[in-house]
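Sequential numbering of the sequence shown, starting at 26, is according to this note's numbering.
Input: a single structure, listed below in structure tokens.
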Amino acid sequence: MTNTENLYNDIRAHIESHYPLLYLVTFEAQNADALIRRLAADDNRKIFEWNLAPGM
């Protein structure tokens with residue numbers, strides 16, 4: 026399994042455990058964004074994003 030697949034499965038497990046919030050710190054924002062969007066699309070979920078520069 027690749028690192029991306031491992032991360033996908035880890036985040037999916039947190040979502041399925043009903044964590045109300047996920048806080049991600051990464052230097053690869055575009056890759057993380059794509060992964061989160063893929064997860065949301067797979068489960069037909071909405072994404073609410075906040076980041077330091079533009080806010081929500």
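Glycine residues also receive a C-beta, built at the ideal position from the N, C-alpha and C atoms.
Quick caveat: nothing in here was measured; it's all calculated off a predicted structure.
Short Cβ contact (8 Å threshold) for residue i with residue j
| i | j | result |
| --- | --- | --- |
| H39 | L47 | yes |
Whole-Å CB distance - residue i paired with residue j, under 8 Å assumed
| i | j | result |
| --- | --- | --- |
| Y33 | L64 | 7 Å |
Whole-angstrom distance between residue j and residue i, CA atom to CA atom
| i | j | result |
| --- | --- | --- |
| L77 | F52 | 14 Å |
| L60 | S42 | 18 Å |
| K71 | D58 | 13 Å |
| E74 | N31 | 22 Å |
| Q55 | R62 | 11 Å |
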